Structures are given as structure tokens and as C-alpha cells.
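Have a look at the structure below, then the notes.
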Amino acid sequence: MPLHAIPAFEDNYIWALADEEGDAIIVDPGDAAPVLAAAGDGLRPLAVFITHHHPDHAGGLPALRERWPGLPVYAPSDERISGPCQWVGEADLIQLKGWQFKVLEVPGHTRSHIAMVQQDPAPVRHLFTGDTLFSLGCGRMFEGTASQMLQSLDRLAALPADLRVCCGHEYTLANAAFALTVDAGNQALRERTEEAKIMRRNGQPTLPTPLSLERQTNPFLRIDDPAIRASLQQRLGAEPGDRVQAFAELRRWKDGFRA
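Per my numbering, the sequence shown starts with residue 6, numbered consecutively.
Encoded structure:
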């Protein structure tokens with residue numbers, strides 16, 4: 006079952022999960038033009054998934070609806086996403102042809118952010134995380150709290166390890182620079198960073214990535230790890246009070262980080 010990472014804007018990915026017949030689920034089409042181009046090569050949109058309302062994830066909807074009237078759009082209940090949409094929320098199941106996806110509410114980046122977890126029996130299953138979880142990083146907290154974001158990341162990290170993380174941006178190398186600053190002794194992180202450098206030099210996306218690897222290398226999924234806590238204590242001059250405070254300090258550190 007082919008998965009296509011369709012580049013958009015400067016560093017976005019629009020995901021297209023297609024079956025053998027060319028029917029495809031399109032995830033976060035911020036720009037319609039790359040989807041229309043892919044359709045010219047034989048891809049047929051079956052439905053659209055929207056993880057959150059930001060224009061670089063949902064801005065292509067009007068043009069896609071114009072090209073395919075009646076195209077179903079599954080999105081979080083948020084008036085900032087142009088309708089008509091089929092609003093979905095926590096634990097809802099989306100069934101399309103042979104696919105089945107479970108919806109998780111993962112607020113933090115935005116208040117209504119959702120993720121889609123592939124449930125059907127497939128050799129490779131996917132997790133569409135939008136801007137909540139990135140490879141080696143996580144999204145900024147534009148509307149949510151540190152507690153919400155940490156809970157959302159904890160939920161994603163607890164999912165089956167074989168899921169392939171499909172996030173919204175090609176941020177891996179930038180995130181790696183910060184992750185190595187925080188967790189310099191992590192051998193898996195160093196190997197992932199070198200692999201990502203080769204991929205980018207060859208013009209390849211660094212995504213999707215196994216959730217199992219993110220658990221080993223992503224500092225925002227390892228907030229309880231002694232190495233992460235030691236780095237925070239060294240930076241702050243004191244041990245963070247609890248894991249929410251530790252996460253908030255780690256995110257604040259990343260917000261101001263320059264490689």
C-alpha cells in the first residue's frame with residue numbers, strides 16, 4: 006500500500022496513502038496544487054484528513070472541493086476549518102475501503118489537534134501526527150499548555166511501536182541539532198542524525214520514521230530519562246520540580262535554540 010510524501014511550501018509534507026487502484030487518503034493538504042499534480046499522475050483522492058486548522062495544513066481544501074465536489078473531509082470540530090467537514094473526535098473510527106483509522110485528540114500545538122492511527126491489518130501501519138509529534142521533536146504550544154502537550158505526546162508514545170510516524174514537516178535535521186545538545190551520549194540519536202543527513206543530501210524525506218526509533222531518540226518522548234533530566238538540571242541550575250515542569254523547560258529551551 007504505497008505512501009507518498011508530497012512536498013509543499015518550504016518544508017511541509019502532504020501525505021497520500023494509496024491502494025493498488027490509486028484511491029488515496031490525502032492528509033493535511035495545505036496547498037492543493039501538489040495534490041492536483043499527483044492526481045494528474047493517476048492518484049484519485051478518496052477522502053481528506055485534517056489534523057488541525059493551520060493554513061499550511063488545511064488551506065488547499067477549497068480548491069480540492071472545487072475539483073472533486075463531495076470529497077469527504079474528516080477534521081477536528083473547529084470553526085476555523087472551512088466546511089463542510091465530517092467532524093471527528095476522540096476514539097472515532099474512520100472506515101474507508103480497506104482502511105480503518107482511530108482518532109486521538111492530542112491538544113497542545115492547537116486546542117483541537119487530532120492524530121489518526123491506522124488500525125487495519127497491514128504490513129506497515131501509519132500514524133499521522135500533524136504538528137504534535139515530529140521526528141526528534143514536537144510542535145510549539147500555540148494554544149495549549151505544557152501539561153496538555155506532554156499528555157498528548159505520552160499518548161502517542163504509548164501506541165504500538167511498529168507504527169510509522171508521518172508528521173507535517175521536514176524538521177528532522179534541525180530537531181537533531183537540539184536533541185544532540187540535550188542528549189549527546191545517545192548512540193541511536195547519533196546514528197539517526199547521520200542517516201537523516203544522507204537522506205537529505207540525496208533529496209529523500211527523512212519520514213516516515215518508526216515510533217520505536219522516536220522513543221529511543223526524541224528528547225520530548227524521554228522526559229523521564231536521566232540523561233534529559235541531567236541536561237535540564239545543568240541548564241537550570243536545579244532539578245525541575247516535576248515532569249510537566251521538565252517538559253515545559255525543555256520546550257522553552259528548544260524555542261530559543263539556535264544551532
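Beta carbons: idealized from backbone N, C-alpha and C, even for Gly. In this text the structure is predicted, and so the values were computed from the model without any measurement.
| query | Using the beta-carbon count (16 or more within 10 Å), is Q153 buried or exposed? | reply | By 1-based counting over the sequence shown, the position of residue 153 is 148. Buried: at least 16 other Cβ atoms inside 10 Å.
Would you call the CB atoms of L164 and V108 closer than 8 Å? Walking along the sequence shown from the start, residue 164 turns up at place 159. Walking along the sequence shown from the start, residue 108 turns up at place 103. Taking 8 Å as the cut-off, the Cβ atoms of L164 and V108 do not count as close.
Within the continuous beta strand (DSSP E) that includes E196, where are the two ends? Locating residue 196 in the sequence shown gives position 191, counting from the first residue. Annotation: E196 is outside any beta strand (DSSP E); the continuous alpha helix (DSSP H) that includes it extends over 192 to 206.
Beta-carbon proximity list for E148, same chain, < 6 Å, skipping 5 on both sides = Residue mapping note: residue 148 aligns to position 143 of the sequence shown, counting from 1. Correct list, in chain order: T115, R116.
task: Jot down the residue ranges of each uninterrupted beta strand (DSSP E) in the region 19 to 79, minimum 3 residues, whole runs only, in chain order.
output: 28 to 32, 49 to 54
### Message
Quick check: T222 and R197, are their CB atoms within less than 8 Å of each other?
### Response
Position 217 of the sequence shown, counted from the start, is the residue given in the question as residue 222. Position 192 of the sequence shown, counted from the start, is the residue given in the question as residue 197. Between T222 and R197, the C-beta spacing is below 8 Å.
Exercise for the section: Buried or exposed for L226, please, with buried defined as at least 16 other CB atoms from any protein chain shown within 10 angstroms of its CB. Expected result: Within the sequence shown, numbered from 1, the residue matching residue 226 stands at position 221. That one is buried.
> Hey, which unbroken runs of the beta strand (DSSP E) at 3 residues or more fall wholly within the region 115 to 197?
Replying inline: Counting only runs of 3 or more residues that sit fully inside the region 115 to 197, the beta strand (DSSP E) segments are 119 to 123, 131 to 135, 169 to 172, in chain order.
* Asked: Taking 7 Å as the line, does the beta carbon of H59 fall inside it for any heavy atom of the ligand COA?
  -> Of ligands this structure carries none, so the ligand COA is not represented either.
Do you know how far the Cα of G190 is from the Cα of R85?
-> Working through the sequence shown from its first residue, we reach residue 85 at position 80. Working through the sequence shown from its first residue, we reach residue 190 at position 185. If you take the alpha carbons of R85 and G190, they lie about 43 Å apart.
message = So, at 6 Å on beta carbons, what are the nonlocal neighbours of R130 in its own chain, with the 5 sequence-adjacent residues on each side left out?
response = The sequence position of residue 130 within the sequence shown is 125, counting from 1. Hits under 6 Å: Q123, L168.
Are the beta-carbon atoms belonging to P210 and A10 less than 8 Å from one another? In the sequence shown, residue 210 corresponds to position 205, counting from 1. In the sequence shown, residue 10 corresponds to position 5, counting from 1. Closer than 8 Å, so yes.
**Report entry** Exposure of P34, with buried meaning 16 or more beta-carbon neighbours within 10 Å
**Finding:** The sequence position of residue 34 within the sequence shown is 29, counting from 1. Label assigned to P34: buried.
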